[in-house]
Each structure stands twice: as structure tokens, then as C-alpha cells.
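Single-structure report; data block below.
Residue numbers (our numbering): 79 to 219.
Take a look at the structure:
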């Protein structure tokens, strides 16, 4: 009986740690990303935690890359709209935007944020649904 009590007590501690981790992700996991990227980080984290996809601390690094790349992509895209860019400036911004896009696509796939990955994980959206916080922040839907 005592062994069971110790096991159940340990199980409770694990559940408590998971709950604390899900609710209070400190800035140390955000790897120095900007304030805008932190909003995306928290929105994605909330969505991923609903599905139990964040398993290890390494996933937080991928999530940080995704969040910062989304912000960078938007900034580069905005700067590319300027008419006063020299060809070299345009080329550099375009290449940086493409690198951010590549980071977004690869990290989104690793996190299970793409439609094919959601299907692989058994998460399917059918019919009309409300946009998620991530979709609202990114203006996807």
C-alpha cells in the first residue's frame, strides 16, 4: 500500500509540473525573441499544449525559431514594398525574407502546424470553425 502511495504522489508531482510548464513558460525558453514573436510563441504554445505536442525543451527552440521567423518575414515583406530601395537592398531583403519563409515552413512542420502534419497527428478540422489565436495573429483566416 505504501508503494502505491509513493507512486501516486510522484504521479501528482509530474502532473503539477506539466501544468506549471504549460501555463508559465519563462522567457528562458523563448531564447531572446522579440516581444512580437513572444505573442506568437504564447499563442502557438497554447494551441500545441491543447494537443499535447510539446514534449521536450528542444521543441521550445523550434517554437522560438518559428515565432521569430514569422515576425521577421512580416518585417522584410513590409520593407520590400518601399519604392526607394536600391537593387542591392532589395536583393538582400528578398533573400532574408526567403530565409525566414524557409524557417517558418521547416519549423511549422516540426511542430505539427501544417495541414499534412495535423492529419498525421490525427488532428483534423472539419466544417466551419473559429480561427485559432495563431491564425488571428498571423492573419491567416
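Ideal Cβ placement from N, Cα and C applies to all residues, glycine included.
Using the Cα positions of residue i and residue j, report the straight-line distance between them to the nearest angstrom.
i, j, result
"residue 155", "residue 163", "13 Å"
"residue 117", "residue 142", "11 Å"
"residue 170", "residue 152", "15 Å"
"residue 62", "residue 161", "Limits of the chain in this structure are 79 at one end and 219 at the other, which puts residue 62 out of reach."
"residue 165", "residue 172", "10 Å"
"residue 158", "residue 182", "18 Å"
"residue 114", "residue 148", "9 Å"
"residue 108", "residue 195", "23 Å"
"residue 197", "residue 175", "28 Å"
"residue 144", "residue 138", "10 Å"
"residue 180", "residue 168", "18 Å"
Starting from residue i, trace the alpha helix (DSSP H) both ways and give me its first and last residue.
i, result
"residue 166", "165-189"
"residue 214", "211-216"
Spatial neighbours of residue i within its chain, please: C-beta separation below 6 Å, excluding the five flanking residues on both sides.
i, result
"residue 211", "121"
"residue 192", "186"
"residue 150", "178"
Can you tell me which of the three DSSP states residue i falls into?
i, result
"residue 194", "helix"
"residue 118", "helix"
"residue 161", "coil"
"residue 112", "coil"
"residue 124", "helix"
"residue 208", "coil"
Within 10 angstroms of its Cβ, does residue i collect 16 or more other Cβ (buried), or is it exposed?
i, result
"residue 146", "buried"
"residue 217", "exposed"
To which residues of the same chain is residue i closer than 8 Å at the C-beta, ignoring the five residues directly before and after it?
i, result
"residue 124", "211"
"residue 140", "185, 188 and 189"
Near residue i, what residues of its chain come up, given a Cβ to Cβ distance below 7 Å and the 5 sequence neighbours on each side ignored?
i, result
"residue 215", "117, 118 and 121"
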